[in-house]
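Asker:
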Amino acid sequence: MQYRTLGKLGGEFSALGFGAMRLPVVNGQNANVNEPEAIEMMRYAIDNGVNYFDTAHPYHSGASERVLGQALAGGYRDRITLATKLPPWEVKEPADFDRLLNEQLARLNCDHIDMYLLHCMQWKWWPFLRDMGILDWLEGARGDGRIGQIGFSFHDNVNLFKEIVDAYDWTLCQIQYNYMNEDVQAGTEGLKYASDKGLAVIVMEPLLGGVLAEPGGEVDEIWSASGLDPVDTALQWLWNKPEVSLVLSGMSSPQQVKDNIASASRSGVGTLETQAIEAIGRVQEKYGQIATVPCTKCRYCMPCPSGVDIPVNFEYYNTAITFGGTARTLHRNLYAGLPETQRASACTQCEQCDEKCPQSIAISQLMSDVDKELG
Numbered sequence: 027m028q029y030r031t032l033g034k035l036g037g038e039f040s041a042l043g044f045g046a047m048r049l050p051v052v053n054g055q056n057a058n059v060n061e062p063e064a065i066e067m068m069r070y071a072i073d074n075g076v077n078y079f080d081t082a083h084p085y086h087s088g089a090s091e092r093v094l095g096q097a098l099a100g101g102y103r104d105r106i107t108l109a110t111k112l113p114p115w116e117v118k119e120p121a122d123f124d125r126l127l128n129e130q131l132a133r134l135n136c137d138h139i140d141m142y143l144l145h146c147m148q149w150k151w152w153p154f155l156r157d158m159g160i161l162d163w164l165e166g167a168r169g170d171g172r173i174g175q176i177g178f179s180f181h182d183n184v185n186l187f188k189e190i191v192d193a194y195d196w197t198l199c200q201i202q203y204n205y206m207n208e209d210v211q212a213g214t215e216g217l218k219y220a221s222d223k224g225l226a227v228i229v230m231e232p233l234l235g236g237v238l239a240e241p242g243g244e245v246d247e248i249w250s251a252s253g254l255d256p257v258d259t260a261l262q263w264l265w266n267k268p269e270v271s272l273v274l275s276g277m278s279s280p281q282q283v284k285d286n287i288a289s290a291s292r293s294g295v296g297t298l299e300t301q302a303i304e305a306i307g308r309v310q311e312k313y314g315q316i317a318t319v320p321c322t323k324c325r326y327c328m329p330c331p332s333g334v335d336i337p338v339n340f341e342y343y344n345t346a347i348t349f350g351g352t353a354r355t356l357h358r359n360l361y362a363g364l365p366e367t368q369r370a371s372a373c374t375q376c377e378q379c380d381e382k383c384p385q386s387i388a389i390s391q392l393m394s395d396v397d398k399e400l401g
């Protein structure tokens, strides 16, 4: 296993982190975790050098934290860094902060969480928690020993990301990032911004919900011709970057654990070979051709008189159409998380954006398609 530092925290953390979001389940039921297999997988990972485990309150309908707590019995807890997250959608009043944390400690069967993150920070959740006094509460929870380092996970645009980074002395942040998401959400700009501020940057969705692992069609032909494994190459692309502290992988089978540990053992900054760089470039180009709307996010169309965030709507739409599956579900959820005035459904067909678009995209006509797909 290769080890990396976590920003200003330093230390030695495994390049691969175990994300407990996609544990093996019984009969396809997400809440029904195959507990013996999941525990075996997690303990195997620890025995083979993985020392960072990430979960969250809603994963597997709450079963993830509980099963992870079982896996960490028998001395395993002392061998890892444990991270989980506060779900803002479960908060109605400040008293819920303590209620949720204490519930998570009970599920995890421990008295201390090493890394406590605010989950899924977006335009509505960040000001909601901030104005309710979350930062003072986090300091208090750290003072009484229930949590250690403080961070946030993120799903929104890079401007909000920077605002949150600058709002508090965070230790870490967690962003969606992969070779197809360089300019999506926080993106490469956010990655470098946070790293320059001394934050550890934890990467989630390195395979975009698994769709980069089984591409199919012409993209699959590119990988076959290159002789490279798409999963290993996608992970190595991330580990090649000095700003990436570690990469989380949601693993669903013992073989995935073994394969990812083998990949992590070969990882390192500046080690990505030219062949892999060229193959990823061809894959990026092919996916770009599949994308439905040729939006370059130049934002010449903005501001919209009705408040619609046109580039973001096209970003979500293109990703949902191009990748389907888990990516479609994720971006439908992100669309639902936008303020109603920013969604495509708020378009009044005024056509002012059509006149400004340098790509000659019929934006106003496409907004109904976007809402039909995502709404």
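Residue numbers for the sequence shown follow my numbering, so the first one is 27 and each next one is one higher.
Think of the CB as a built atom: it goes at the ideal place given N, C-alpha and C, for glycine as much as any other residue.
From E38 to R30, what does the alpha carbon distance come to, in whole angstroms?
Answerer: The C-alpha of R30 is placed about 5 Å away from the C-alpha of E38.
Asker: Kindly indicate which residue of V52, L155, L400, N74 has the alpha-carbon position closest to the one of L112.
Answerer: L155
Asker: How about V283 and M277: are their beta carbons less than 8 Å apart?
Answerer: Contact: yes.
Asker: For Y342 and L400, which I take to be in contact (beta-carbon distance under 8 Å), what is that distance rounded to the nearest angstrom?
Answerer: 6 Å
Asker: Is there contact between the region 88–104 and the region 298–317, where contact requires at least three CB pairs shorter than 8 Å?
Answerer: no
Asker: How would you write the range of the beta strand (DSSP E) that M393 sits in, first residue to last?
Answerer: That residue, M393, is in no beta strand (DSSP E); its alpha helix (DSSP H) goes 389–400.
Asker: What beta strand (DSSP E) runs, 3 residues minimum, are completely inside the region 126–213?
Answerer: 139–147, 173–180, 198–202
Asker: Under 8 Å by Cβ, that's how I've got C136 and G95 pegged, so tell me the actual separation to the nearest angstrom.
Answerer: 7 Å
Asker: Would you check if the distance between the CB atom of I454 and the CB atom of C324 is smaller than 8 Å?
Answerer: This structure cannot speak to residue 454, because the chain is shown only from 27 to 401.
Asker: Under three-state DSSP, which class holds T259?
Answerer: helix
Asker: The beta strand (DSSP E) that contains S275, what's its start and end?
Answerer: 272–276
Asker: Skipping 5 residues on each side, what residues in its chain have a beta carbon closer than 8 Å to that of P120?
Answerer: M158, G159, W163
Asker: Along the chain, where does the beta strand (DSSP E) containing Y78 start, and where does it finish?
Answerer: Per DSSP, the unbroken beta strand (DSSP E) holding Y78 starts and ends at 78–80.
Asker: For V338, count neighbouring Cβ atoms within 10 angstroms of its own Cβ and tell me buried if that reaches 16, exposed if not.
Answerer: It counts as buried.
Asker: So within the region 270–328, which uninterrupted alpha helix (DSSP H) runs reach at least 4 residues, ignoring any that extend past its ends?
Answerer: 280–291, 300–316
Asker: From the DSSP secondary-structure annotation, give me the bridge partner or partners of M230.
Answerer: Q202
Asker: Among the residues of its own chain, which have a CB less than 6 Å from the CB of S87, if the five just before and after it don't count?
Answerer: Scanning its chain for C-beta atoms nearer than 6 Å, with the 5 sequence neighbours on each side dropped, one finds around S87 the residues A57, in chain order.
Asker: Pick helix, strand or coil for Q368, following the three-state DSSP scheme.
Answerer: In the displayed model, Q368 falls within a helix according to three-state DSSP.
Asker: Roughly how many whole angstroms lie between the Cα atoms of Q148 and I139?
Answerer: About 23 Å.
Asker: Hey, out of Y78, M68, M47, N60, whose CA is closest to V273's CA?
Answerer: Among Y78, M68, M47, N60, the Cα nearest to that of V273 is on Y78.
Asker: Which residue or residues does DSSP assign as beta-bridge partners of Y29?
Answerer: S40
Asker: Can you grab the Cα-Cα spacing for the pair F44 / S179, in whole Å?
Answerer: F44 and S179: Cα-Cα distance of roughly 16 Å.
Asker: When DSSP labels each residue in this structure, what does N53 get in the three-state scheme?
Answerer: coil
Asker: Counting pairs of beta carbons, one from the region 191–209 and one from the region 229–237, are three or more of them closer than 8 Å?
Answerer: yes
Asker: For L108 versus I287, is the C-beta distance shorter than 8 Å?
Answerer: no
Asker: Is K34 near the ligand ATP, judged by its Cβ being under 7 Å from some heavy atom?
Answerer: No copy of the ligand ATP occurs in the structure displayed, which carries no ligand at all.
Asker: Give the secondary structure of N58 by DSSP, where H, G and I count as helix, E and B as strand, and everything else as coil.
Answerer: strand
Asker: Straight-line CA distance for R308 to L131?
Answerer: 46 Å
Asker: Is T110 helix, strand or coil by DSSP?
Answerer: strand
Asker: Since N207 contacts G213 with CB under 8 Å, what's their CB separation in whole angstroms?
Answerer: 7 Å
Asker: Taking all protein chains shown into account, do 16 or more other C-beta atoms lie within 10 angstroms of the C-beta of S289, making it buried, or fewer, making it exposed?
Answerer: buried
Asker: Please check the pair D335 and Q368, which I expect to be a contact at CB under 8 Å, by giving their CB distance rounded to whole angstroms.
Answerer: 4 Å
Asker: How is G236 classed by DSSP in three states: helix, strand or coil?
Answerer: coil
Asker: Mind reading off the beta-carbon distance from Y70 to P280? Whole number of angstroms is fine, and I expect it under 8 Å.
Answerer: 7 Å
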